[in-house]
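Chains as they are written, first to last, in my numbering: chain P, 3 to 208; chain H, 3 to 208. To keep things clear, I will list the structure first and then write my remarks on it.
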């Protein structure tokens, strides 16, 4: 790090409109406007979400953006009944999987520690826990990056993950874990907001 | 859902300054200004991050915000050597754990499905995979919510998680998984930006 420490103004929040869009007013969408998401937008989305932090920069998420009718048809039989129609209607469904051989890329992603790939040698439990933990972080980055670009999301885990892994990640060590429908949501399909815990129910200050 | 579907403008991104703060310019921090984070700010942070989506609204994350010297001293022996000094210096360290009995709260969090708690009956694997997947999503929501409030983060997994579980979540079914230092970071402690994959290396359009 070369630049010197510099004073800067005390932390200030993003404007309310941004906090609303990211967290407060954002909702899981179940119905979609028939408005395509361009490849340019998908690339902008990937460029944002990939910047989120992961352990040792391991970046285990691998994504197939399902857009074509043919690929949607391959996905359809793996969806749980309640997720089928809305997923078929979504402009894009991101299949997010995690690469169980992510550590082989650490020589490139974490170059100042040439031994990093060997940290995982033969430790299946360590590989899986890191892939799943950091992959899930990246799912959340994807959701919030999509919202920050003005897109709506419908994340889902109700699908046959081994089946999707076979059909979309054949010949790799990637395991499908989460689907995220992406597009411009129709508010008519949004369900009532579910309750959240109060601060005291899930947080403490020690 | 009662409100009718309404037209709204085509998706537009947040301003560049917000995208920079959330993703592009945001960095993992290792040095901290000596500037406390108020309880008001911690409550605002919790109120934002808790709105992020989880499967069946299961919200498994439980957080201890370690602020006092005494609590920091309890945390210190569990930290890996490389994480010790910076964590002791951080205004706040959030210990994020996941409640392995999260499903007992689904009657409240997912009230329209009274059978939801029973979905997890006796399935330790399903409980753990849901707790860890959704808990990790919530860690990412915490990081991005902190950034959206103008705070900096230093997330870490280099610590003795069973030890922290014993010392901070005794008598509960919560398992510590990730620590996040929070405060106003000193840019002097930021390391050079690590590489990321190109679009083709981790994404495909099908």
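All C-beta atoms, glycine included, are put in the ideal place defined by N, C-alpha and C.
Beta-carbon separation (whole angstroms), residue i vs residue j, contact threshold 8 Å
i	j	result
residue 25 (chain H)	residue 147 (chain P)	6 Å
residue 136 (chain H)	residue 31 (chain H)	Incorrect: roughly 26 Å between the Cβ atoms, too far for contact.
residue 180 (chain H)	residue 159 (chain H)	6 Å
residue 161 (chain P)	residue 208 (chain H)	At roughly 16 Å, the Cβ-Cβ gap does not stay under 8 Å, so residue 161 (chain P) and residue 208 (chain H) are not in contact.
residue 15 (chain H)	residue 111 (chain P)	Incorrect: roughly 27 Å between the Cβ atoms, too far for contact.
residue 165 (chain H)	residue 92 (chain H)	Not quite, the Cβ-Cβ distance comes to about 19 Å (not below 8 Å), so this is no contact.
residue 52 (chain P)	residue 199 (chain H)	6 Å
residue 63 (chain H)	residue 140 (chain H)	4 Å
residue 129 (chain P)	residue 96 (chain P)	About 23 Å; that fails the 8 Å criterion.
residue 90 (chain H)	residue 78 (chain H)	6 Å
residue 142 (chain H)	residue 143 (chain P)	6 Å
CB contact below 8 Å: residue i versus chain H
i	result
residue 53 (chain P)	yes
residue 60 (chain P)	no
residue 41 (chain P)	yes
residue 104 (chain P)	no
residue 143 (chain P)	yes
residue 184 (chain P)	no
residue 110 (chain P)	yes
residue 18 (chain P)	no
residue 38 (chain P)	no
residue 157 (chain P)	yes
residue 5 (chain P)	Note on residue 5 (chain P): pLDDT 48, under 50, position unreliable in the model; no value is reported.
residue 44 (chain P)	yes
residue 98 (chain P)	no
residue 164 (chain P)	no
residue 30 (chain P)	yes
Residue nearest to residue i in terms of C-alpha spacing, selected from the options
i	options	result
residue 106 (chain H)	H:91, H:130 and H:122	H:122
residue 153 (chain H)	H:62, H:167, H:47 and H:196	H:47
residue 119 (chain H)	H:109, H:128 and H:126	H:109
residue 60 (chain P)	P:138, P:149 and P:188	P:138
residue 22 (chain P)	H:49, H:42, H:34 and H:73	H:49
residue 187 (chain P)	P:143, P:88, P:140 and P:74	P:88
residue 197 (chain P)	H:113, H:144 and H:168	H:113
residue 145 (chain P)	P:125, P:79 and P:94	P:94
residue 34 (chain H)	H:190, H:195 and H:194	H:190
residue 80 (chain H)	H:169, H:116 and H:96	H:169
residue 167 (chain P)	P:41, P:76 and P:127	P:76
residue 149 (chain H)	H:13, H:43 and H:36	H:43
C-beta neighbour in chain A for residue i, strict 8 Å
i	result
residue 15 (chain H)	Given the protein chain composition of this structure (P and H), no chain A is represented.
Cutoff 8 Å: residue i Cβ touching any chain P Cβ
i	result
residue 168 (chain H)	no
residue 152 (chain H)	yes
residue 146 (chain H)	yes
residue 48 (chain H)	yes
residue 82 (chain H)	no
residue 139 (chain H)	yes
residue 93 (chain H)	no
residue 120 (chain H)	no
residue 161 (chain H)	no
residue 207 (chain H)	yes
residue 181 (chain H)	no
residue 71 (chain H)	no
residue 57 (chain H)	yes
residue 129 (chain H)	no
residue 86 (chain H)	no
Reduced DSSP secondary structure (H/G/I, E/B, other) of residue i
i	result
residue 187 (chain P)	strand
residue 164 (chain H)	helix
residue 175 (chain P)	coil
residue 102 (chain H)	coil
residue 46 (chain P)	helix
residue 84 (chain H)	helix
residue 67 (chain P)	strand
residue 156 (chain P)	strand
residue 2 (chain H)	As displayed, chain H neither begins before 3 nor continues past 208, which places residue 2 (chain H) out of reach and without an answer.
residue 27 (chain H)	coil
residue 16 (chain P)	coil
residue 181 (chain P)	strand
residue 89 (chain P)	helix
residue 208 (chain P)	coil
* Taking contact to mean at least 3 C-beta pairs separated by less than 8 Å, is the stretch 90-101 of chain P in contact with the stretch 171-184 of chain P? -> As far as the Cβ criterion goes, the stretch 90-101 of chain P touches the stretch 171-184 of chain P, which means the pair count is three or higher.
* Touching or not, the stretch 126-136 of chain P and the stretch 194-203 of chain P, by the rule of three or more beta carbon pairs under 8 Å? -> Flag = no, the stretch 126-136 of chain P and the stretch 194-203 of chain P do not touch.
* Can at least three beta-carbon pairs, one atom from the stretch 68-85 of chain P and one from the stretch 47-57 of chain H, be found at a separation below 8 Å? -> With the cut-off at 8 Å, the stretch 68-85 of chain P and the stretch 47-57 of chain H do not touch.
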